[in-house]
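What follows is a short report on a single structure.
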Amino acid sequence: MSRENSFHGPLADPAADAGHLGHPPRMGFFTDTSVCIGCKACEVACKEWNNVPEDGIDLLGMSFDNTGMLGAGSWRHVAFVEQERPLGRQDAGLADLPTGPSRSEAAAETVSRALPVAGRGGGDLGTAPVHLGFPSFELPGAGTGAQGRTEFRWLMSSDVCKHCTHAGCLDVCPTGALFRTEFSTVVVQEDICNGCGYCVSGCPYGVIDRRPDDGRAWKCTLCYDRLRGSMEPACAQACPTDSIQFGPLDELRERAARRVAELHGAGVPEARLYGHDPGDGVGGDGAFFLLLDEPEVYGLPPDPVVPTRDLATMWRYAGLAAAALLTAATAVFLEAGR
Amino acid sequence: MGSNMAEAHPVGFQWVMEAKARGARVVHIDPRFTRTSALADQHVTLRAGTDIAFLGGVINHILTNDLSFREYVQAYTNASCLVGERFEDTEDLDGLFSGYDPRTASYDASSWAYESVPVEERPGGRAKEQAAPYQHGSGGPPMEGGAQGIARDLSLEHPRCVYQVLKRHFSRYTPEMVERICGVPQDLFLDVCRAWTANSGRERTAALVYSVGWTQHTVGAQYIRAGSIIQLLLGNVGRPGGGVFALRGHASIQGSTDIPTLFNLLPGYLPMPDVTHESLAAYLDGVRRPGQKGFWGNADAYTISLLKEYWGENATEENDYCFDYMPRIDGDHGTYRTAMDMVDGKVFGYFLLGQNPAVGSAHGRLQRLGMANLDWLVVRDLTMIESATFWKDAPETETGEIVAQQCRTEVFFFPAASHVEKSGTFTQTQRMLQWRDQAVEPVGDQRSELWFFHQLGLRLRRRLAGSTDERDRPLLDLAWDYASEDGEPSAADVLRHINGIDLRTGRTVGGYTELKADGSTACGCWIYSGVYADEVNQARRRKSRFDTGPYDAEWGWTWPMNRRVLYNRASADPQGRPWSERKALVWWDAERGEWTGHDTPDFERTKPPDHVPPAGSSGPAALRGDDAFIMMSDGKGWLFAPAGLADGPLPTHYEPHESPVRNLLYGQQASPVRKVYGRPDNPSNPAPPEAHGEVFPYVFTAARLTEHHTAGGMSRQLPYLAELQPELFVEVSPELAAERGLTHLGRAHVITSRTAVEARVVVTDRMAPLHIDGRVVHQVWMPYHWGQVGLTTGDVVNDLIGVVADPNVFIQESKVLTCDIRPGGRPRGSDLVDYVEDYRRRAGITPWTGVRIVTAGGHDGPGHTEGDPWEGPS
Amino acid sequence: MPPAEFRSYYGRPVLKPPVWEWRVPAYFFTGGLSAGAALLAAGADLTGRPALCRVCRLGGLGALLASTYLLIADLGRPERFHHMLRVAKPSSPMSVGTWILVAYSPGHGLAATAELLPAALRATLPGRLLRAAGRPAGLAAAALAPALASYTAVLLSQTAAPAWHDVRKELPFVFTGSAAASGGGLGMLLAPVAEAGPARRLGAAGAAAELVASRLIERRPGLVTTAYTTGRAHRLRQASKLLTLGGAAAALTVARRSRPAAAVAGLALLAGSVLQRFGVFEAGVASTRDPAYVVVPQRERLAAAEGERSGR
Amino acid sequence: MGVRRWIRAWPVYRQLTGPDPLGRGKAAESARSAGLVPRTERADRVVDSVCPYCAVGCAQRVFVREEPHEHVVQIEGNPNSPISRGRLCPKGAASKQLVTGPQRVQKVRYRPPYGTGWQDLDLDTAMDMVVDRVLEARRKGWQDRDAKGRTLRRTMGIASLGGATLDNEENYLIKKLFTALGALQVENQARI
């Protein structure tokens, strides 16, 4: 088989590329955030099934998000975004109320200002307890009428490991603990992982993390064991509104395209897919999303690229540097010998 | 409206999302923008406690613009019935209806009756003391002669016909008035009116969903009445996609109302006997009257079958089926009354069964002080809860009001079995019973309630065996011999007895129509009759949705008689044809001579649509072929309630007990019959026309979060849930934050005349201030799940709330009160007591505050205090 | 803090900060040092500089042992270190590096052991064999040393951390330069001035390469450079630059004459190398902690692609 | 033999000889992964249940394993349910933790009057003590007739609160027993 796109670019069959012969179709998630009600059933169902430990009982002040981000102790994470703008044709009912300026941004800033002083820059939200203290923002003037806010929307989105076609975490793993399954998903084998931590930095989405007490890296397995038993992943099964849909990736991509068209027709032009494109920097995600704003608003990178894409370049330059070193080391003696 | 469905019932909300995906318009009307609002097409912010003004506005819009479903209204509602001449409306009496007695703060409802129906005058005091509508079960009050002779004007033009009475009553509820009272801009309000009416009629239906956002008010029952009136006017009752949905909050709270652990009810909404019922005949006469229509006409069969189940062979016709064994009620014996009686030393022992009043009941402080004054307390729960540990860690231990060494209450904690450790049925919110099989044995001392109470009964009877005391007879004669499985009574056998047994054959009856008034059947709950038909546990059925039709008739069992949509006869027109093919549900099949359709018809199967009962018939036989509301004493849906409600035949906007504004519609400020308890330990914040309301300038409302469950015993102790909502917080608008100097994530405390509680501040655009009659009114919201035990702990929000109740059902007004909010933590220890006392002093609060109920017509009515609370102004 | 306007989720980082702590940059340093020393040792062996050869072999062994310890100690599950040997993955620089280390260590270890052989054992047959094997073993290690010195650059670049990934062309030169500088520094520190000529030249050459490559990083366009030119990374690298520059200058001047000066210069080069590794490490960490480093360049990239598409 | 098998199991060997030369898939599969099945497949019984939290009535399936002792291995939604279609909210999804968590109390606890801590008490003894107290409170609060001579036949000395999380069958017995005792202050969450 051609290994042309083993490291980057569109790859039709990642499981076959990883040596699985006669494998089932590629399975994945399509998370339609336009119907997410932010209940967090996905987070709990995931933890119940996978025995993921509790990871910090802290009020984060990020709307109703007290999980913070994906991590070793949170394999699903529901983001909550409050914004002063309308959602499609939704009427938030604020017009003509005696409102002042929006404070969504200010509240967000309260949190963002506290994050740099938190351990690991807030990158450990959802991994260990984080105390944000009692920061504050300047009090707004009590405005009314003209400068008052009239628009509002509340976005919710359940984030998860993307199970990339080209997975940074998998590529860098030195033990083979991370591997691609027959379902084309990316899974950490807990009996193998020795906690080198390389995958943590290899992931362009900031998904995988190491558990401090346990020492190993953990992330969503797309319920590998359940898939083996022809069961749906726990989060998708629990999701009350079917915001999390599970199935063969090809089917999901078709369904997602229809859904976007439907939303565009219904006056929600901001609906867009994220991670569905096999031509993107990671070869397309096994778990992709329908978003209602730019990805970075949900904490997602706008244009992630698997570091492996540049692997050849890196080795080439490393080779050059090595050659230079050898040359130099030889030269210093040659000169001396003269 | 009054429901945060996406958060409180997330899995049920999938059907709303499904409907939305098919093009349904979703409107959410709520004081704050919630996760439900986030998914709705339209959100309407309204001031908490003003829903009747809003709904009245909708009714007025429908009537003024003639938008009702005329044929439906004429055929199936009492719109055409004439109201008696003695009736006077709130329009005439400044917010009161005729029959009001300011001394007892109650109504004599006799003047509300239909023109031609004989009524006896009944002082309202008794009804008010007994949670009246429950007394009348699900079918409304008895009405003599309901079967015939009600004067009607089918043209709906007569000035005293219900339609015109309604029109006049709601004429004040204009869009302008809605805006001034509710704070909802007129355009927005009219949008909702248009959406509601445009989606109702032959081809379309609209559903109305409410939860405790509606019930926990002094006028809660009338909120629901107001919603029902709209749904009746628009033809949205008994039809697919229509209805008024009460979303209930607990696994079997519907079941615990059907098979009540409630003081005023017996199973199947039969009333608890009261002191006027010296005999079974007198009791039955209070339930149904000669000549009345509908299935309550058979109340004798239901009651006697229940008595046969209770006392078995000992219940005979000669001894009135042991009716005399029944304890009698003579007033309010509701849970709040009982808590006050505990404080007053009148109650000695208390059982708490999976319930945590120290956190979950309004005025938690009163609850805890009551519990601290008992002889003994039995707590049965899965985990250690605040109500079991109050003697050592209640907030009152911090203030010194409860000291363990001085608290005499003896506490027994019995660990309970969980839902997988016992078998039995839950009744869910749409009346469906679902059986659970036992999965595992409980460990240690963990036992089910079934075991506990069966054991308790056995041991009590053993102890009293041989007693000659007359008062022990009911216990000794009790039928208490249920089949047992390994020492545990068989839940299936109990369910069999609930279903009912034909004592001649020993087999289960097939349904309540088979119950007899001659003592030949025993039935524990007539509305559940049929759940064990053919000796099969119908609630245990699990036929997959993939294998059945759209109404999934073989999954569980729905009372009554496995009907999914109540009153579904109304889904067909008077001639028995579906109103439209699109909305067909049940129809008359003339060829086969029976009702048929997708659902089990809620009608006598072979009674043709044009049936006219012979003169003199009563009960079910008196129902016409187009009397769709088969439980009602006149067969009609009630727009106007000629009897049965303690607070008026029509919903009327009254301000909440605690409100920052004067009632703009009437001189009567708040419900004139609300149940108040004027006691020093139950103070109220002042409301207009009383002075000093400005001390508590903000509207307060509380609710639950998806991530927690009620008082937290089943969620704050679980790491996976505790981490999702880890701390008590209070939500305020940016405007209120500015006004009070509150900062996001900072600390603040909320104060009422009861206490102050501390929480983290969440400043959010989801909260918005309102224009109320020219001034800006702010609302404050808190979740209420916290207490001092568990993985996440916090102040008890229910401590902020005083006890004042709806006179119909005695449910407390906990969805709206007034408060103040200040930055920083609350005072600790005994300083807290002084701090709150200072607030009370500044607001001039005494036990008389808030209990001078009558304010209509400029009267200064009497204060309704308990006895002489203390020396003070009178 | 970069001034660029961008949107984020409550300012929360997009990426996970590395879980690696001080041991990892220390491992880079010791690995590089061992590699540099191995090269010098082999050259010294071939050119008859027994003292230089000896100190480099022994110093290199010490660095190798430290390096191995640091690598294992940084694992979350050190007892599973051998799992590194399950697979050989070309896509994983750590896997490649492990195998390089596996190949490199025996040679260097053997050569160093030969140096350590007590005099009493030198005449025995095993002793003679060992000493005979010392040279080829040392040469084998030296052959692999450049790989050992440079793969760590790929290890860092093969991550999503913008400050590491984006400097993938420069970083190998920084790291090999740093390895050479530290190896030279070691030689200068421990070997007599007379034999340390190659060490001084290697140190200076390495320092020059490191400084030039480092300068190139700082002059790259785009936001990511900020991670190197601000904060802790900047301070560490400034100090490194001064020490390296000073060490190199001394190596070419006073260190040729004075043993103490040589030692100080050697130490300066060593310290410069250590600080360089930590500086680079810190820059990478910083670039994961601030979402700007992720969002802004990616947005620019998308905008450019968009512009290209619409321009066509 | 052992060595050969060991070498064949070595992923590097599998890389070199199998279809996964890059070692990122099949070759890297561990023994645990190779034999992985959902733990529900090892359950001895699957029991139909219903979520104990809100009133939607979501169907649950309880997976039980007998070894090493009878225990719940998983609780999840039942996709066959026409009500819930297998879905659960966060609370329902936490049911296993609710049932199996360390917060569950297993033994009777007793706090005597004026006590400052819990004591142990045997279940049987506790039941008998409650019997004594029920009879005593019933007696103290007993009322035969009201001031007008009308029948009351009741006790106001005992009250009860709870039932909304209990089974219908349990509520039925509770109401029946209390009614026979003459206790009528029997209430539940429906009033709250």
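Chains as they are written, first to last, in the working numbering: chain A, 5 to 342; chain B, 73 to 946; chain C, 126 to 437; chain D, 587 to 778. Where is the CB? At the ideal position from N, CA and C, for every residue including glycine. Bear in mind the structure is a predicted one, so any value in this text is a computation, not a measurement.
- Message: Is any non-hydrogen atom of the ligand FAD found closer than 7 Å to the C-beta of residue 157 of chain B, if you look at the structure I gave you?
- Response: Looking for the ligand FAD in the displayed structure turns up nothing, as the structure carries no ligands at all.
- Query: Are at least three pairs of beta-carbons, each pair with one atom in the segment 569 to 582 of chain B and one in the segment 599 to 610 of chain B, less than 8 Å apart?
  - Reply: As far as the Cβ criterion goes, the segment 569 to 582 of chain B touches the segment 599 to 610 of chain B, which means the pair count is three or higher.
- Give me the Cα-Cα distance between residue 339 of chain B and residue 379 of chain B, rounded to the nearest whole angstrom. As the crow flies, the alpha-carbon of residue 339 of chain B is around 11 Å from that of residue 379 of chain B.
- Have a look at residue 735 of chain D and residue 728 of chain D and give me their C-alpha separation to the nearest angstrom. A straight line joining the alpha-carbon of residue 735 of chain D with that of residue 728 of chain D spans about 15 Å.
- Message: Taking contact to mean 3 or more Cβ pairs, one atom from each stretch, closer than 8 Å, check whether the segment 306 to 313 of chain A and the segment 41 to 60 of chain A are in contact.
- Response: No, they do not touch.
- Message: For residue 676 of chain D, would you say it is in contact with chain B, using Cβ-to-Cβ distances shorter than 8 Å as the test?
- Response: For residue 676 of chain D, at least one C-beta of chain B is nearer than 8 Å to its own C-beta.
- Output yes if chain D places a C-beta closer than 8 Å to the C-beta of residue 595 of chain B; else output no. Against chain D, the CB of residue 595 of chain B has no partner CB under 8 Å away; the residue lies outside that interface.
- Item | DSSP three-state assignment for residue 81 of chain A, whether helix, strand or coil | It is a strand residue.
- Simplified DSSP assignment, three categories, for residue 947 of chain B: Not covered by the structure: residue 947 of chain B. The range shown for chain B is 73 to 946.
- Task: Please confirm whether residue 629 of chain B and residue 505 of chain B have their CB atoms less than 8 Å apart.
- Result: Yes; because the gap between Cβ atoms is below 8 Å, this pair is in contact.
- Item | Uninterrupted beta strand (DSSP E) stretches inside the segment 809 to 889 of chain B (no shorter than 3 residues) | Counting whole runs of 3 or more residues, the segment 809 to 889 of chain B contains the beta strand (DSSP E) stretches 819 to 823, 828 to 835, 842 to 844, 847 to 849 and 851 to 855.
- What three-state label does DSSP hand residue 73 of chain A in the structure shown? When DSSP states are grouped into helix, strand and coil, residue 73 of chain A belongs to the coil group.
- Message: For residue 912 of chain B, tell me which candidate among B:346, B:412, B:255 and B:824 has the shortest Cα-Cα distance.
- Response: The shortest Cα separation from residue 912 of chain B among B:346, B:412, B:255 and B:824 belongs to B:824.
- Query: Can you name the residues of chain C whose CB is closer than 9 Å to the CB of residue 66 of chain A?
  - Reply: By Cβ distance, chain C contributes 134, 135 and 137.
- Message: Using the Cβ count rule (16 or more neighbours within 10 Å means buried), how would you classify residue 137 of chain B?
- Response: Residue 137 of chain B comes out exposed.
- Query: When the cut-off is 8 Å and only beta carbons count, does residue 212 of chain C lie next to chain D?
  - Reply: With a threshold of 8 Å between beta carbons, residue 212 of chain C makes contact with chain D.
- Item | Within 8 Å of chain A by C-beta, residues of the segment 619 to 633 of chain D in sequence order | Residues passing the 8 Å Cβ filter: 619, 622, 623, 624, 625, 626 and 627.
- Below 9 Å between beta carbons is the criterion; list the residues of the segment 649 to 673 of chain D that meet it against any residue of chain A, in chain order. Those would be 660, 661, 662, 663, 665, 670, 671, 672 and 673, in chain order.
- Query: Using the beta-carbon of each residue, which ones in chain D are nearer than 9 Å to residue 319 of chain B?
  - Reply: Simply 640, 641 and 642.
- Item | Coil, strand or helix - residue 131 of chain B by DSSP | The answer is helix: DSSP assigns residue 131 of chain B an H, G or I state.
- Query: Quick one: is residue 771 of chain D near chain B, going by C-beta distance under 8 Å?
  - Reply: Among the residues facing chain B, residue 771 of chain D is included, as its CB has a counterpart in that chain under 8 Å away.
- Message: So that I know if they touch, is there some Cβ in chain D lying closer than 8 Å to that of residue 557 of chain B?
- Response: No, because no Cβ of chain D sits closer than 8 Å to the Cβ of residue 557 of chain B.
- Query: Can you round the beta-carbon distance between residue 358 of chain C and residue 302 of chain C to whole angstroms, since I take them to be within the 8 Å contact cut?
  - Reply: Wrong, their Cβ atoms sit about 18 Å apart, outside the cutoff.
- So with Cβ pairs under 8 Å, would you call residue 218 of chain C a contact of chain D? Under the Cβ criterion of 8 Å, residue 218 of chain C is not counted among the residues facing chain D.
- Message: Quick check: the Cα distance between residue 892 of chain B and residue 770 of chain B, rounded to an integer number of angstroms?
- Response: Answer to the nearest angstrom: the Cα atoms are 6 Å apart.
- Going by other Cβ atoms of all chains shown within 10 Å of its Cβ, with 16 needed for buried, is residue 292 of chain A buried or exposed? Buried, because 16 or more other Cβ atoms sit within 10 Å of the Cβ of residue 292 of chain A.
- Item | Rounded C-alpha distance that separates residue 827 of chain B from residue 288 of chain B | In a straight line, the C-alpha of residue 827 of chain B is about 20 Å away from that of residue 288 of chain B.
- Please classify residue 639 of chain D: is it buried, with 16 or more other beta-carbons within 10 angstroms of its beta-carbon, or exposed? Under a 10 Å Cβ-count criterion, residue 639 of chain D is classified as buried, with 16 or more other Cβ atoms of the shown protein chains found around its own Cβ.
- Item | Partners in chain B for residue 711 of chain D, counting only beta-carbon separations shorter than 9 Å | By Cβ distance, chain B contributes nothing, its closest Cβ being about 10 Å from residue 711 of chain D, past 9 Å.
- Item | For residue 114 of chain B, the residue or residues it bridges with in DSSP | DSSP lists A:95 and B:99 as partners of residue 114 of chain B.
- Can you find at least 3 beta carbon pairs, one from the segment 213 to 227 of chain C and one from the segment 593 to 612 of chain D, that sit closer than 8 Å? Yes, the segment 213 to 227 of chain C touches the segment 593 to 612 of chain D.
- If residue 334 of chain A and residue 161 of chain A are in contact, beta carbons under 8 Å, what's the gap, nearest whole angstrom? With a Cβ gap of about 57 Å, residue 334 of chain A and residue 161 of chain A do not count as contacting.
- Segment contact flag, the segment 178 to 193 of chain A with the segment 151 to 158 of chain A, C-beta cutoff 8 Å, min 3 pairs: Because the criterion of three Cβ pairs below 8 Å is not met, the segment 178 to 193 of chain A and the segment 151 to 158 of chain A do not touch.
- Test: residue 183 of chain A CB closer than 8 Å to a CB of chain D: Interface residue, yes.
- Query: Does any residue of chain D bring its CB to less than 8 Å from the CB of residue 235 of chain A?
  - Reply: Using a Cβ-Cβ cut-off of 8 Å, residue 235 of chain A counts as an interface residue toward chain D, since at least one Cβ of chain D sits closer than that to its own.
- Item | Partner residues on chain A for residue 616 of chain D, Cβ-Cβ distance less than 7 Å | Neighbours of residue 616 of chain D on chain A, chain order: 193, 195 and 196.
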